[in-house]
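Chemist:
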Amino acid sequence: MKVAVFPGTFDPLTLGHLDLIKRGSALFDQLAVAVMTNRSKKPLFTVEERVAQIREAVSGLDNVSVITTDGLTVDLMNRIGADYLMRGLRNTTDFQYERDIAAMNNFLDDQCETVFFLAKPEYQHLSSSILKEVTSSGGDISAYLPKNINEALKQRIEEEKLKQVKEHNEKTR
Numbered sequence: 015m016k017v018a019v020f021p022g023t024f025d026p027l028t029l030g031h032l033d034l035i036k037r038g039s040a041l042f043d044q045l046a047v048a049v050m051t052n053r054s055k056k057p058l059f060t061v062e063e064r065v066a067q068i069r070e071a072v073s074g075l076d077n078v079s080v081i082t083t084d085g086l087t088v089d090l091m092n093r094i095g096a097d098y099l100m101r102g103l104r105n106t107t108d109f110q111y112e113r114d115i116a117a118m119n120n121f122l123d124d125q126c127e128t129v130f131f132l133a134k135p136e137y138q139h140l141s142s143s144i145l146k147e148v149t150s151s152g153g154d155i156s157a158y159l160p161k162n163i164n165e166a167l168k169q170r171i172e173e174e175k176l177k178q179v180k181e182h183n184e185k186t187r
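In the working numbering, the protein residues as written are 15 to 187.
Structure (structure tokens):
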């Protein structure tokens, strides 16, 4: 059985991610979308919220599961019996970064095989960071997100703006 892991922070999951998940689910017998914690990023959604959002977005894909872990991806792969690590590439910058990570993962576990998927042209410019920034400035990015995640993102951005206003008001009193 071909089991793969598609790790990422997915904050939020975009249609580019979802396209890769659908393509991966057609190639592998089982695909585990692993919601990871990246200590260098400040996520807008909690891990639990991201897992729930992604589960809803992939609900029609029977061979896709959504899991979470903290630690090395190769350790997760060994725990669930995965031999393949699935990664998406949007551009040459992604390639250089992902190539180095693939080499390190292979050093940590020589059974780890990384499979790269090229992003479709309509998704090559997407990043979760850009989408959050555009949404924060009032832009409509609904064409790039699953509907459930678009609604959650708009709501969270509004909550964050209200929180900032309240904090500002408290400081100026």
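Every residue gets a Cβ at the ideal spot worked out from N, C-alpha and C, and that includes glycine.
1) How long is the line joining the alpha carbons of LEU167 and THR149, rounded to whole angstroms?
2) Rounded to whole angstroms, what is the Cα-Cα separation between SER79 and ARG187?
3) If you count every other CB in all the chains shown that lies within 10 Å of the CB of GLY152, and 16 or more means buried, which is it?
4) Straight-line CA distance for TYR188 to ASN164?
5) Whose CA, out of PRO21, LYS175, GLY30, lies closest to the CA of SER141?
6) Return helix, strand or coil for GLY22, following the three-state DSSP convention.
7) Beta-carbon within less than 6 Å of TYR98's beta-carbon, same chain only, minus the 5 sequence neighbours each way: which residues are those?
8) State the DSSP-derived secondary structure class of GLN67, mapped to helix, strand or coil.
9) Would you list the one or two residues that DSSP bridges to GLN44?
Modeler: From the atom records:
1) For the purposes of this step, residue 167 is taken as the residue at position 153 of the sequence shown. For the purposes of this step, residue 149 is taken as the residue at position 135 of the sequence shown. C-alpha separation (whole angstroms): 8 Å.
2) In the sequence shown, counting from the first residue as 1, residue 79 sits at position 65. In the sequence shown, counting from the first residue as 1, residue 187 sits at position 173. Cα-Cα distance, rounded: 49 Å.
3) To locate residue 152, count along the sequence shown from 1; it is residue 138. By the 10 Å Cβ count, GLY152 comes out exposed.
4) The structure shown does not extend to residue 188, since the chain is modelled only from 15 to 187, so the question has no answer here.
5) Locating residue 141 in the sequence shown gives position 127, where the first residue counts as 1. Taking only the C-alpha atoms, the option nearest SER141 is GLY30.
6) The residue you call residue 22 lines up with position 8 of the sequence shown. Here GLY22 sits in strand by DSSP.
7) Counting from 1 along the sequence shown, the entry for residue 98 is found at position 84. Taken in chain order, the residues that qualify are ALA18, GLU127, VAL129.
8) Here the question's residue 67 lines up with position 53 in the sequence shown. Three-state DSSP puts GLN67 in a helix.
9) On the sequence shown, residue 44 is found 30 positions in, with the first residue counted as 1. DSSP, once it has assigned bridges, lists VAL17 as partnering GLN44.
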